[in-house]
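So the structure is just underneath, and the comments pick up after that.
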Amino acid sequence: MFYVQLGIILIYYVAALLFLVTEYLSPHLSHTQRIGFGLLLIAYASFRSVMFYQKYLSRNRFQ
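438 is the number of the first residue of the sequence shown in the numbering used here; add one for each residue after it.
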């Protein structure tokens, strides 16, 4: 289960990086909207990783 959660978090980071890379190729959104959405994806991935590490460490601290 540890590696499944880690893989999900890595998928969030990869999606955010791909979005930031391809935002220069898609002209239908404004520049600030695309940057903001990419940063929002990175912030969400960071939040998920922090919550996951807190849960995992609290579960395995006493073993």
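Every residue, glycine too, gets a C-beta built ideally from N, C-alpha and C.
*Starting from the Cα of Val478, find the closest Cα among Met488, Gln491, Gln442, Phe456 and give me that residue.*
For the purposes of this step, residue 478 is taken as the residue at position 41 of the sequence shown. It is worth fixing the name first, because residue 478 is Leu in this sequence and not Val. Nearest option by C-alpha distance: Phe456.
*Please determine, among Ala453, Val487, Phe489, the residue with the shortest C-alpha to C-alpha distance to Gly475.*
Residue numbering aside, residue 475 sits at position 38 when the sequence shown is read from its first letter. Gly475 has its Cα closest to that of Ala453, out of Ala453, Val487, Phe489.
*Going by beta carbon distance, what residues of the same chain come within less than 7 Å of Tyr449, once the five residues before and after it are set aside?*
Counting from 1 along the sequence shown, the entry for residue 449 is found at position 12. Cβ neighbours of Tyr449 beyond the five flanking positions: Leu478, Tyr481, Ala482, Arg485.
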